[in-house]
Amino acid sequence: MKMNKTILGYVPEESPLYRIHPFVRVFFLLVVSLFPMLINAPEWNLAIIVLAIFLLKYSRVNLSTLKIYVPVSLSMGFLILLSHTVLGGIHPEFYVSFKLFGFPFYYERIVAAVDVYTRVLPMIFLTVLFLSTSRERDMLVAMRWAHVPFVVTYLVAMALRSVGMVIEDFSIVRQAEKARGFDPQGKSIAYKLRQFVMYIIPLFALALRRSDEFANAIVARGYSFTGLREVKRPDYILTQYRFRVRDGLLVAIISLSLVGVLIIRFGLGGLTLEGSLTLQWLELWLKGGAA
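For what it's worth, our numbering labels the leading residue of the sequence shown as 54, then goes sequentially.
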């Protein structure tokens, strides 16, 4: 499937999800992204990841383009585990599962790291799903359909445009370094991190220059945030998208799913870490079934 480059990422040229109204897709992202914060059971958060992968496949997204997110996911998991174990301090009251290079790895801290990571990972997959199936225009259409104030929509549009500018500037800096003989291949991770920090200075200077150019362009076109607010602005782009019955049904299903999760979590006391299968497996593996 051919993928098109947008400001947000790579999206398929044709996808079944394009038949769904943009507001439904944005609403799905906002609501389902709340689930990992409400659900403590890791297996249910992993089920959200499976759902996201299924939707990516159904949307005809070329999964090979997602490999750029693998280092981010793995490094984030490593940092979470490191901060909860090695950098978590000494806790005599905790159960020591094992020691590595003299550092005690506590069972309670490992469980906490798994809990945090299995909450963050679904958010990453859902964000990747949204960026891989939505164009920047879809987000603006969703906001305009929801009658978000025009000023807010305009600010979001400028922010999205700025993201594209930053990515372009970053590419320019990288190409300039390569033209001067810099080759990151074979370098250590620590060296690459130091080099990445050095990018911040030229990128910040370029961002200031871009912002000034952007502001001058707005002023040159006579735009002002304070104007005739009572005048209804034309929304031609909304005429290209129809909110159908199936879109309303999807919004209702997503809303009911959120209500159901809230009832199960806070009303019935379910979806907790204490009653999860993952905790039982970790206890058997790290404590040998010891109480």
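Where is the CB? At the ideal position from N, CA and C, for every residue including glycine.
- The residue from Val85, Phe223, Met176 with its alpha-carbon nearest to that of Gln248 is Phe223.
- One Cα belongs to Thr186, the other to Leu153, and the distance between them is close to 43 Å.
- Exposure of Tyr276 is indicated by the presence of fewer than 16 other C-beta atoms within 10 angstroms of its C-beta.
- Taking every protein chain shown into account, the CB of His200 has fewer than 16 other CB atoms within 10 angstroms, so this residue is exposed.
- Between Ala100 and Leu91, the alpha-carbon positions lie close to 14 Å from each other.
- Per DSSP, Leu153 is one residue of the beta strand (DSSP E) stretching across 149-153.
- DSSP places Pro65 in no alpha helix (DSSP H) but in the uninterrupted beta strand (DSSP E) bounded by 63-65.
- Non-local C-beta neighbours of Val167 in its own chain, meaning closer than 8 Å and more than five positions away in sequence, comprise Pro95, Thr331, Leu335, ordered along the chain.
- For Phe158, the three-state secondary structure derived from DSSP is strand.
- Between Ser112 and Leu70 a beta carbon distance of about 5 Å is seen, short of the 8 Å cut, so the two are scored as contacting.
- Per DSSP, Pro69 lies in no alpha helix (DSSP H) and is assigned neither H nor E.
- Judged by DSSP in its simplified three-state form, Asn98 adopts helix.
- If you look at Gln333, you'll find it in the alpha helix (DSSP H) that goes 330-339.
- Per the coordinates, the alpha-carbon of Leu104 lies some 14 Å from the alpha-carbon of Arg78.
- At the C-beta level, Leu116 and Leu109 come within 8 Å of one another.
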